[in-house]
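Engineer: Right, I'll just put the structure down here and ask away after.
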Amino acid sequence: MTLVAPSIGVAGTSLLNGGAILGWGLGIPSGVITNADLEARLDTSDDWIVERTGIRERRVVGEGESTATLAITAGAQAMAHAGLTAADIDLLIIATATPDQQVPSTAAFVQDALGLRCGAFDLGAACSGFAYSLVVASSFLATGAVRHVLVIGSEVITRFLDPADRGTQILFGDGAGAAVIGAAPDGAGLLAWDLGCDGSAATILEVPGGGRSMPATPETVAAGGQYLRMEGREVFRRAVRAVVDSATVTLERAGVTADDVDLFIPHQANARIVDAVLPRIGIPAEKTFMNVERFGNTSAASIPIALAEAADAGLIAEGDLVLLSGFGAGMTWATALLRWSRGAQSS
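Going by this note's numbering, the sequence shown opens with residue 3, and the numbers climb by one from there.
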């Protein structure tokens, strides 16, 4: 599979005045599921989970929490961090595979709660959703018609998991991460990207029931059609190849090498996938940010949560090259390379 084939992927470079991250925020659920909790009800152990995934705990929503409420918290933090108000936001994008409802979009609820008066929509690219949304937001900025785009990755994956399925129960958690995207100074912001999808692999990670092709009925619910199904080995194999190829394309299009990257923030799906990817790309572990141990796989929220934590920890400096790369159901993949800047006002 050639990721740059026109029928499968698309890549690009240098969006004018787009892609700077002005502020960021988090929406972290109140509940925690530890490996010990899973040991008590599944045929598994802490050692087995850590060895195969690197995960020790994951967050889970409680009463009154949802994809929208997590997004609202993260979005409000991001706007405040950027020093902006609701009136300053010209577009809202919610990256999610777990919307609160089929209709309307989760973005509608988030927009209202945040007091925004702008266009708002959901973007569904599963775990690649935040990187996809970053490219979409920067494209809108490049038109000159908008100044600030609020992008939020928010997921409540745990409500889609079969309680008896060890393969998915150990991996996934809930959460949200947000970023305000604005104009960048020359040479900064989003430098290059690669987006793709191989729909022939759509069934290796899916929730088959609940949509129009398989509406929820007593029969489909009894058969477990509402639960996430995953072919773990095939997802692993394809994920490693997708991230390596997509990251390589992106770096080449930006005219840089892996040695130039200051920080790599991969989708936090599984530590073993990242371990397999790093030597193939040529990025050392010490230049890679990981928090999968504490959050598990939060799908479209994974990269923005990690990005916010890395930035808050002072691991990203003005002018740094930051590489983001995700993969997920579809099968989608997305890589974005940023020259870190807090926006056109930065010196």
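Yeah, the Cβ is synthetic: ideal placement off N, Cα and C, and Gly gets one too.
Expressed to the nearest angstrom, what Euclidean distance is found between the alpha-carbon atoms of E233 and T205?
Structural biologist: Translated into positions along the sequence shown, residue 233 becomes position 231. Translated into positions along the sequence shown, residue 205 becomes position 203. Taking the straight line from one Cα to the other gives about 9 angstroms.
Engineer: Helix, strand or coil for D45 per DSSP?
Structural biologist: Along the sequence shown, read from residue 1 onward, the residue named residue 45 stands at position 43. Note: D45 maps to coil in three-state DSSP.
Engineer: Pick out the complete beta strand (DSSP E) segments inside the stretch 275-332, 3 residues or longer, and give them in chain order.
Structural biologist: Runs found: 323-330.
Engineer: Apart from the five residues on each side of it in sequence, which residues of its chain come closer than 6 angstroms, Cβ to Cβ, to F111?
Structural biologist: For the purposes of this step, residue 111 is taken as the residue at position 109 of the sequence shown. Answer for F111: A70, listed in chain order.
Engineer: Quick check: the stretch 311-328 against the stretch 158-165, are at least 3 beta-carbon pairs closer than 8 angstroms?
Structural biologist: The answer is no - the stretch 311-328 does not touch the stretch 158-165, with fewer than three Cβ pairs under 8 angstroms.
Engineer: Smallest Cα separation from G131: which of V151, S32, G155?
Structural biologist: The residue given as residue 131 occupies position 129 in the sequence shown. Comparing Cα positions, the closest option is G155.
Engineer: So V246 and V279 are supposed to be a Cβ contact under 8 angstroms. How far apart are they, rounded?
Structural biologist: Within the sequence shown, the letter at position 244 stands for residue 246. Within the sequence shown, the letter at position 277 stands for residue 279. Contact holds; Cβ gap of about 6 angstroms.
Engineer: Residues in the same chain with beta-carbon distance under 7 angstroms from L116, minus the five sequence neighbours each way, listed in chain order, please.
Structural biologist: Position 114 of the sequence shown, counting from 1, holds the residue named residue 116. Here the set comprises I74, G77, A78, A88.
Engineer: Excluding five sequence neighbours on each side, which residues of the same chain lie with their C-beta closer than 7 angstroms to the C-beta of E295?
Structural biologist: Here residue 295 corresponds to residue number 293 of the sequence shown, with the count starting at 1. So the qualifying residues of the chain are G56, I57, R58.
Engineer: Compute the beta-carbon to beta-carbon distance between V137 and L192, rounded to the nearest angstrom, for a pair I have assumed lies under 8 angstroms.
Structural biologist: Translated into the one-based positions of the sequence shown, residue 137 becomes position 135. Translated into the one-based positions of the sequence shown, residue 192 becomes position 190. That belief holds up - the Cβ atoms of V137 and L192 are roughly 7 angstroms apart, short of 8 angstroms.
Engineer: Helix, strand or coil for W195? Go by DSSP, reduced to three states.
Structural biologist: Reading the sequence shown from its first residue, position 193 is the one you call residue 195. Correct three-state label for W195: strand.
Engineer: Do the CB positions of G350 and L143 come within less than 9 angstroms of each other?
Structural biologist: Shown here, the chain extends from 3 to 349; a query on residue 350 therefore has no answer.
Engineer: So what does DSSP say about P217, is it helix, strand or coil?
Structural biologist: Start at 1 with the first residue of the sequence shown, and residue 217 comes out as number 215. Of the three classes helix, strand and coil, the one that applies to P217 here is coil, per DSSP.
Engineer: Would P217 be called buried (16 or more neighbouring beta carbons within 10 Å of its own) or exposed?
Structural biologist: Residue mapping note: residue 217 aligns to position 215 of the sequence shown, counting from 1. Answer is exposed; the Cβ neighbour count stays below 16.
Engineer: Return the chain-ordered ranges of every beta strand (DSSP E) run that is complete within the stretch 101-133 and spans a minimum of 3 residues.
Structural biologist: Runs of the beta strand (DSSP E) inside the stretch 101-133: 121-125.
Engineer: Kindly identify the DSSP beta-bridge partner or partners of I95.
Structural biologist: For the purposes of this step, residue 95 is identified with residue 93 of the sequence shown, where counting begins at 1. Its beta-bridge partners are F123, V153.
Engineer: Give me, in chain order, the residues of the same chain whose beta-carbon lies closer than 7 angstroms to that of I275; leave out the 5 immediate sequence neighbours on both sides.
Structural biologist: Reading the sequence shown from its first residue, position 273 is the one you call residue 275. Counting only Cβ-Cβ distances below 7 angstroms, and skipping sequence neighbours, we find F238, A241, V242.
Engineer: Check whether the Cβ atoms of V151 and A139 lie closer than 9 angstroms to each other.
Structural biologist: Position 149 of the sequence shown holds residue 151. Position 137 of the sequence shown holds residue 139. Going by C-beta atoms, V151 is nearer than 9 angstroms to A139.
Engineer: What's the gap between the Cα of W342 and the Cα of A186?
Structural biologist: For this step, residue 342 is matched to residue 340 along the sequence shown. For this step, residue 186 is matched to residue 184 along the sequence shown. The straight-line gap from Cα to Cα measures roughly 9 angstroms.
Engineer: Going by Cα to Cα distance, which pick from E65, R282, S141 is closest to A194?
Structural biologist: Within the sequence shown, the letter at position 192 stands for residue 194. Ranking E65, R282, S141 by Cα distance to A194 puts S141 first.
Engineer: So, at 6 angstroms on beta carbons, what are the nonlocal neighbours of G175 in its own chain, with the 5 sequence-adjacent residues on each side left out?
Structural biologist: Indexing the sequence shown from 1 puts residue 175 at position 173. R60, R61, F297, G298, T300, listed in sequence order.
Engineer: From the DSSP output, in three-state form, read off L339 for me.
Structural biologist: Taking the sequence shown and counting its residues from 1, the one referred to as residue 339 is at position 337. Looking at L339 - three-state DSSP - the assignment turns out to be strand.
Engineer: The beta strand (DSSP E) with I23 in it runs from where to where?
Structural biologist: Position 21 of the sequence shown holds residue 23. Segment 22-29, the beta strand (DSSP E) holding I23.
Engineer: In whole angstroms, what separates the C-alpha of G257 from that of R282?
Structural biologist: Looking up residue 257 in the sequence shown gives position 255. Looking up residue 282 in the sequence shown gives position 280. Taking the straight line joining both Cα atoms gives about 18 angstroms.
Engineer: Roughly how many angstroms separate the alpha carbons of P31 and L265, rounded to a whole number?
Structural biologist: In the sequence shown, residue 31 corresponds to position 29, counting from 1. In the sequence shown, residue 265 corresponds to position 263, counting from 1. Going by the C-alpha atoms only, they are around 27 angstroms apart.
Engineer: Determine the DSSP secondary structure at I51, reduced to helix, strand or coil.
Structural biologist: Numbered from its first residue, the sequence shown carries residue 51 at position 49. If DSSP states are grouped into helix, strand and coil, I51 belongs with the helices.
Engineer: Just to confirm, is the Cβ distance from R352 to L207 under 9 angstroms?
Structural biologist: In this structure the chain extends from 3 to 349, so residue 352 is not present and cannot be described.
Engineer: Whole angstroms are fine: how far does the CA of A244 sit from the CA of A271?
Structural biologist: Residue numbering aside, residue 271 sits at position 269 when the sequence shown is read from its first letter. Residue numbering aside, residue 244 sits at position 242 when the sequence shown is read from its first letter. About 14 angstroms.
Engineer: Tell me the rounded alpha-carbon separation between A38 and D164.
Structural biologist: Within the sequence shown, numbered from 1, the residue matching residue 38 stands at position 36. Within the sequence shown, numbered from 1, the residue matching residue 164 stands at position 162. So the alpha carbons of these two residues sit roughly 18 angstroms apart.
Engineer: Go ahead and pull the three-state DSSP assignment for A181.
Structural biologist: In the sequence shown, counting from the first residue as 1, residue 181 sits at position 179. If DSSP states are grouped into helix, strand and coil, A181 belongs with the strands.
Engineer: Please list the terminal residues of the continuous alpha helix (DSSP H) segment that includes T69.
Structural biologist: On the sequence shown, position 67 is the one that residue 69 refers to. Run containing T69: 69-84, per the alpha helix (DSSP H) assignment.
Engineer: Would you tell me roughly how many angstroms separate the C-alpha atoms of E53 and L40, rounded to the nearest one?
Structural biologist: Translated into positions along the sequence shown, residue 53 becomes position 51. Translated into positions along the sequence shown, residue 40 becomes position 38. Answer to the nearest angstrom: the Cα atoms are 15 angstroms apart.
Engineer: How many whole angstroms separate the CB atoms of S304 and H269, which I take to be in contact at a CB cut-off of 8 angstroms?
Structural biologist: Counted from its first residue, the sequence shown places residue 304 at position 302. Counted from its first residue, the sequence shown places residue 269 at position 267. Their Cβ separation, rounded to whole angstroms, is 5 angstroms, which keeps S304 and H269 in contact under 8 angstroms.
Engineer: Taking 9 angstroms as the cut-off, decide whether the C-beta atoms of I1 and G179 are in contact.
Structural biologist: Residue 1 lies beyond the range of the chain shown here (3 to 349); nothing can be said about it.
Engineer: Could you pull the start and end residues of the alpha helix (DSSP H) that F238 belongs to?
Structural biologist: For the purposes of this step, residue 238 is identified with residue 236 of the sequence shown, where counting begins at 1. Unbroken alpha helix (DSSP H) run through F238: 234-256.
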